[in-house]
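Take a look at the structure set out below.
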Amino acid sequence: MTEAKGKEAIYSEIPERTWNWLGVNTATVPEEILSSIAPEKIITVPDGESAAMTIVYRDEPNAKIRAELGEGATLDLVKVQLAGDDVTRADRVAVNCAKDATIRYTAVELGAKKTATKLNIELIGDKSKADVAALFFGTKDQVIDMNYVIRHRGKNTDATMMVDGTLDDHAEKIFRGTLDFVRGTEGSVGREKEQVILLSHDVRNRSVPLMLSGEADVDGHHAVSIGKMDESKLFYLMSRGLDEAEAKKLVTMAAAAPVLARIKNEKVTEEIENIIEGRLS
Amino acid sequence: MKNKTVIADIERTLYDIKNEDHPVYRTEKGLTPEIVREISKKKNDPEWMTEFRLHSLDVYNSLSLPTWGPDLSELHMDDITTYVKPDARMAGRWEDVPTDIKDTFDRLGIPEAEKTSLAGVGAQYDSEVVYHSVQSALTKQGVIYTDMETALREHEDIVREYFMKLVPPKDHKFVALHGAVWSGGSFVYVPEGVHVNIPLQSYFRLNAPGAGQFEHTLIIVEPHASLHFIEGCSAPKYNVTNLHAGCVELYVKEGARLRYSTIENWSRNMMNLNTKRAYVEKDGIIEWVSGSFGSHVSMLYPASILAGEGARCEFTGVTFAGHGQHLDTGATVVHAAPHTAATINTRTISKDGGEAIYRSAVKVAEGADHAKCSVNCESLMLDSESRSDTIPTMDIQGDEVDIGHEAKIGRISDEAIFYLMTRGISEDEARAMIVRGFVEPVAKALPLEYAVEMNNLINIELEGAMG
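Going down the list, the protein sequences come from chains A and B.
Here the working numbering is used: the first residue of the first sequence is 1313, the next is one more, and so on.
Here the working numbering is used: the first residue of the second sequence is 229, the next is one more, and so on.
Spelled out as structure tokens, the structure:
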């Protein structure tokens, strides 16, 4: 999804803009998609309690989730997007964490022709924690546009953002991942890692890993790796008797495994595995 | 009755303001074609250059300020004529140079004779002698090294072929401004197969007085030739005006190699909005060494267009933002051909409320198979009054690529300080050692005397900041 075209409306923006020619400052969606966004789903986890929720989106309207985590609360939220391949989606997840609260968020983006998804986590309370993992697989002419922001606002907060994905055919993907350390967040730690495997000559991958800091006493780290599948791994597997397609499948599934392991619903996991395997066949 | 009178008064006042303000605004502000023609005439430009300047002015008027990056509201674009018109004070007197800059010269150990020229207020004394001896050695090799005005007179064909072709005026507002009012700068032409063994340094050569802020640098390194060019120096450059919009165009031909080093330390009132770009052909190599220490606001992102198969780029940069500084720096690499490779390695430091921003773009165009790019940027914050942001973008088309990016933000660890202190080193010195170690990749890439000056500069910056 690139800059506004005709009746496109801005859906999300990166917290700090950069060169316009890169086309990553804003994500746009058709105006009618924006107006059809479903009512907000509010998840409240009271102090000291924990909750787990897996939401699978197929034909349902766009996701609009807001989670409020009380002190010491824990939420394990899984969002799996398996919409039909002629659909355009605009999803939004916002999470506020009080002191000692933990959000464990897992996202799987497989469906839709175009998807613009944004995640905003505010680590407001001291020692609050965000553990985010996302998996995508773009195929045909899919466009996947993700804008994730984790803002450290409390002291000693901890954030991890892991994104793994594969692009095939003519697929396009933009991932904007921001770790923002606001002044006064002493002792906070943030890590961001993105790994993208490219399977076709016609794919386009854009990565924008932002790290913003107004606090010296923090430890921030981000890493991005984009390329073909590791040939030494493939070679090893093929020397063990697997053909190339099987070897590629195995390597892809191994990369997806840590994300899939976070989904407790086996039926959903199986369905995701089947979709990915189908795309690799 | 009273009410009626009051309303009438207000209406009249509003009317009067409109009548008084607008004509003043229209007639005396802004850059006009007449001013541009005047500059062109004064410089004895050929007709095509006058036309080029006027075209650039049109482009300048049609473009708006960037919608991203540092706040430029302190830059009053309506006052641009005052930056462009030669200022009598610019030819200047040594007495007018601020004391803090004079002190820095002393502490850096710059020879007396160099100080006035480095401050941009005097002639070059001893340097000129050095310059002449350098010049004769180069002439023997067929190298052309001169100022842009002379190049335009004596090598018009070459200048016309390359001038602002790589950085066209439509790129952004400040480049368009540059195209309209450029003045001074360096021109280097290295013929095929010639290796220039000594680094050429731009301050060894006299520029037109007052030409400092819109200078144009054009360097052409022909096939299989090599050059190391050093721009500026680590001493502060004082300028009474507050806008620097220079432009650097580097052409690296097949199998050629160019290293372009800059240690920039503009005075702290300067808006440094500079544009640098290199076009690298087959198997050519561009190496950038870029140190940003001065200015109030900087926007500087040297770009490398890897246009030929096997072209390479190495970028090494350090940025140090102190009190009142907003330094937005980084690099751009475009892989436009197969088997191109790039390495970007940067270090940024911020202290005393300074803002150091790393911004980059890596683009792999369609068909640039087997492109490799590795980016590493590390940021060190010395206190929490300061800011440090990392804003990289990677745009990759195709699958035959290998792109890696790594970034870190943090502070000096207490353990490292403690360890050094157990070895008998004072806390201040321990911190300074760690900062020097942090910028080592840049120091290593510089000629010795520049590395020493850069280290001195860091020591000066760190004085009083620690404790």
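Every residue gets a Cβ at the ideal spot worked out from N, C-alpha and C, and that includes glycine.
Q | Nearest-angstrom Cα separation, counted from residue 282 of chain B out to residue 356 of chain B | A | Taking the first residue of the second sequence as 1, we reach residue 356 of chain B at position 128. Taking the first residue of the second sequence as 1, we reach residue 282 of chain B at position 54. Bear in mind that the predicted position of residue 356 of chain B carries a pLDDT of just 46, short of 50, making it unreliable; the figure below should be weighed with that in mind. Each residue's alpha carbon lies about 35 Å from the other.
(Q) For residue 250 of chain B, which residues in the same chain have their Cβ closer than 6 Å to its Cβ, ignoring the five residues on either side in sequence? (A) The count along the second sequence starts at 1 and reaches residue 250 of chain B at position 22. Legend: pLDDT at residue 250 of chain B = 34, less than 50; position of this residue unreliable, value from coordinates given subsequently. Within the same chain, no residue comes within 6 Å of residue 250 of chain B by CB-CB distance, once the 5 residues on both sides are set aside.
Q.
Rounded to whole angstroms, what is the Cα-Cα separation between residue 688 of chain B and residue 1545 of chain A?
A. In the second sequence, counting from the first residue as 1, residue 688 of chain B sits at position 460. In the first sequence, counting from the first residue as 1, residue 1545 of chain A sits at position 233. Distance between the alpha carbons of residue 688 of chain B and residue 1545 of chain A is about 51 Å.
Q | C-alpha gap between residue 1535 of chain A and residue 457 of chain B, whole angstroms | A | Here residue 1535 of chain A corresponds to residue number 223 of the first sequence, with the count starting at 1. Here residue 457 of chain B corresponds to residue number 229 of the second sequence, with the count starting at 1. Straight through space, the alpha carbons of residue 457 of chain B and residue 1535 of chain A are spaced by roughly 33 Å.
Q) I think residue 1418 of chain A touches residue 1441 of chain A, with their Cβ atoms under 8 Å apart; what is that distance to the nearest whole Å? A) Position 106 of the first sequence holds residue 1418 of chain A. Position 129 of the first sequence holds residue 1441 of chain A. At roughly 15 Å, the Cβ-Cβ gap does not stay under 8 Å, so residue 1418 of chain A and residue 1441 of chain A are not in contact.
Q. Going by DSSP, which residues form a beta bridge with residue 1521 of chain A?
A. What you label residue 1521 of chain A is simply residue 209 of the first sequence in a count that begins at 1. In the DSSP assignment, residue 1521 of chain A is bridged to A:1489.
Q) Of all Cβ atoms in chain A, is any one closer than 8 Å to the Cβ of residue 665 of chain B? A) Here residue 665 of chain B is taken as the residue at index 437 of the second sequence, counted from 1. Not an interface residue.
Q: Take every Cβ of the region 290-299 of chain B, pair it with every Cβ of the region 528-539 of chain B, and state whether three or more of those distances are shorter than 8 Å.
A: Verdict: no, contact absent.
(Q) Please state the DSSP three-state secondary structure of residue 1458 of chain A. (A) Position 146 of the first sequence holds residue 1458 of chain A. In the three-state DSSP reduction, residue 1458 of chain A falls in the strand class (E or B).
**Q.** Under 8 Å between C-beta atoms of residue 1392 of chain A and residue 1420 of chain A
**A.** Here residue 1392 of chain A refers to the residue found at position 80 when the first sequence is read from its first residue. Here residue 1420 of chain A refers to the residue found at position 108 when the first sequence is read from its first residue. Taking 8 Å as the Cβ cut-off, residue 1392 of chain A and residue 1420 of chain A qualify as a contacting pair.
Q) At what residues does the alpha helix (DSSP H) containing residue 610 of chain B begin and finish? A) Taking the first residue of the second sequence as position 1, residue 610 of chain B is located at position 382. Element bounds for residue 610 of chain B: n/a, residue is neither H nor E.
Q: Report the three-state DSSP secondary structure of residue 283 of chain B (helix, strand or coil).
A: Position 55 of the second sequence, counting from 1, holds the residue named residue 283 of chain B. Correct three-state label for residue 283 of chain B: helix.
(Q) Please tell me whether residue 1529 of chain A has its Cβ less than 8 Å away from any Cβ of chain B. (A) Walking along the first sequence from the start, residue 1529 of chain A turns up at place 217. Interface flag for residue 1529 of chain A against chain B is set, since a Cβ pair is found closer than 8 Å.
Q. Going by other Cβ atoms of all chains shown within 10 Å of its Cβ, with 16 needed for buried, is residue 352 of chain B buried or exposed?
A. As a working mapping, residue 352 of chain B is identified with position 124 in the second sequence. In this predicted model, residue 352 of chain B has a pLDDT of only 40, less than 50, meaning its place in the structure is not dependable enough to derive any value.
Q.
Could you give the first and the last residue of the continuous beta strand (DSSP E) run that contains residue 504 of chain B?
A. Position 276 of the second sequence, counted from the start, is the residue given in the question as residue 504 of chain B. From DSSP, the beta strand (DSSP E) with residue 504 of chain B extends over 503-508.
Q: With a floor of 4 residues, list each alpha helix (DSSP H) that falls wholly inside the region 545-609 of chain B, ordered by position along the chain.
A: The region 545-609 of chain B contains no whole alpha helix (DSSP H) run of 4 or more residues.
Q: Drop a sphere of 10 angstroms on the beta-carbon of residue 1429 of chain A, count the other beta-carbons inside from all chains shown, and report buried for 16 or more, exposed for fewer.
A: As a working mapping, residue 1429 of chain A is identified with position 117 in the first sequence. Counting Cβ neighbours within 10 Å, residue 1429 of chain A comes out buried, since at least 16 surround it.
Q) Considering only residues of the same chain and omitting the five flanking positions on each side of residue 1346 of chain A, which have a CB-CB separation below 6 Å? A) Against the first sequence, residue 1346 of chain A aligns to sequence position 34. 1321, listed in sequence order.
Q: Would you kindly work out how many angstroms separate the C-alpha atoms of residue 1567 of chain A and residue 614 of chain B, rounded to a whole number?
A: Here residue 1567 of chain A refers to the residue found at position 255 of the first sequence. Here residue 614 of chain B refers to the residue found at position 386 of the second sequence. Rounded to whole angstroms, the gap between the alpha carbons of residue 1567 of chain A and residue 614 of chain B is 38 Å.
**Q.** Residue range of the beta strand (DSSP E) that includes residue 534 of chain B
**A.** Counted from its first residue, the second sequence places residue 534 of chain B at position 306. Where residue 534 of chain B is concerned, the enclosing beta strand (DSSP E) stretches over 531-534.
Q: Would you decide whether residue 232 of chain B is buried or exposed? Buried here means 16 or more other CB atoms lie within 10 Å of its CB.
A: Walking along the second sequence from the start, residue 232 of chain B turns up at place 4. Low per-residue confidence applies at residue 232 of chain B: pLDDT is 37, beneath 50, and the placement is therefore not dependable, though the value from the model is reported in the following sentence. Residue environment analysis places residue 232 of chain B among the exposed positions, since fewer than 16 neighbouring C-beta atoms fall within 10 angstroms of its C-beta.
Q: Please classify residue 1320 of chain A: does DSSP put it in a helix, a strand, or coil?
A: Position 8 of the first sequence, counting from 1, holds the residue named residue 1320 of chain A. Here residue 1320 of chain A carries a strand assignment [DSSP, helix/strand/coil].
Q: Excluding the 5 residues preceding and the 5 following residue 562 of chain B in the sequence, name in chain order all residues of the same chain whose CB lies nearer than 6 Å to its CB.
A: Taking the second sequence and counting its residues from 1, the one referred to as residue 562 of chain B is at position 334. Excluding positions up to five away in sequence, the list reads 533, 591.
Q. Under the DSSP definition of a beta bridge, which residues are partnered with residue 1342 of chain A?
A. Translated into positions along the first sequence, residue 1342 of chain A becomes position 30. Partner(s): A:1320.
Q. Distance, Cα to Cα, residue 1551 of chain A vs residue 1558 of chain A?
A. Position 239 of the first sequence, counted from the start, is the residue given in the question as residue 1551 of chain A. Position 246 of the first sequence, counted from the start, is the residue given in the question as residue 1558 of chain A. Straight-line spacing of the CA atoms in residue 1551 of chain A and residue 1558 of chain A works out to 12 Å.
**Q.** Members of the region 1539-1568 of chain A near chain B, C-beta cut-off 7 Å
**A.** Flagged, chain order: 1539, 1540.
**Q.** residue 666 of chain B, enclosing beta strand (DSSP E) - first and last residue
**A.** Reading the second sequence from its first residue, position 438 is the one you call residue 666 of chain B. Counting along the chain, residue 666 of chain B falls outside any beta strand (DSSP E), though it belongs to the alpha helix (DSSP H) covering 655-666.
Q) Can you tell me where the alpha helix (DSSP H) with residue 1592 of chain A in it begins and where it stops? A) Against the first sequence, residue 1592 of chain A aligns to sequence position 280. Taken as a continuous stretch (DSSP letters only), the alpha helix (DSSP H) holding residue 1592 of chain A covers 1578-1592.
Q: Indicate whether at least one CB of chain A lies closer than 8 Å to the CB of residue 616 of chain B.
A: Walking along the second sequence from the start, residue 616 of chain B turns up at place 388. Contact of residue 616 of chain B with chain A is assigned, a C-beta pair being separated by under 8 Å.
Q. When burial is assigned at 16 or more other CB atoms within 10 Å of the CB, is residue 649 of chain B buried or exposed?
A. Locating residue 649 of chain B in the second sequence gives position 421, where the first residue counts as 1. Exposed: under 16 other Cβ atoms inside 10 Å.
Q.
Considering only DSSP beta bridges, list what residue 1391 of chain A is partnered with.
A. Against the first sequence, residue 1391 of chain A aligns to sequence position 79. A:1367, A:1419, per the DSSP bridge assignment.
(Q) Taking 8 Å as the threshold (beta carbon to beta carbon), is residue 1320 of chain A in contact with chain B? (A) The sequence position of residue 1320 of chain A within the first sequence is 8, counting from 1. Output row for residue 1320 of chain A: interface = no.
(Q) Checking the sheet assignment: what are the DSSP bridge partners for residue 429 of chain B? (A) Counting from 1 along the second sequence, the entry for residue 429 of chain B is found at position 201. Bridge pairing for residue 429 of chain B: B:458 [DSSP].
Q | Reference residue 1565 of chain A, options A:1553, A:1577, A:1587, closest by Cα | A | Walking along the first sequence from the start, residue 1565 of chain A turns up at place 253. With respect to the C-alpha of residue 1565 of chain A, the residue from A:1553, A:1577, A:1587 having the closest C-alpha is A:1587.
Q. Does the beta-carbon of residue 1408 of chain A have 16 or more other beta-carbons within 10 angstroms, so that it is buried, or is it exposed?
A. Position 96 of the first sequence, counted from the first residue, corresponds to residue 1408 of chain A. Flag for residue 1408 of chain A reads buried.
Q | Residues sharing a beta bridge with residue 633 of chain B, DSSP | A | Taking the first residue of the second sequence as position 1, residue 633 of chain B is located at position 405. Answer is A:1536, B:603.
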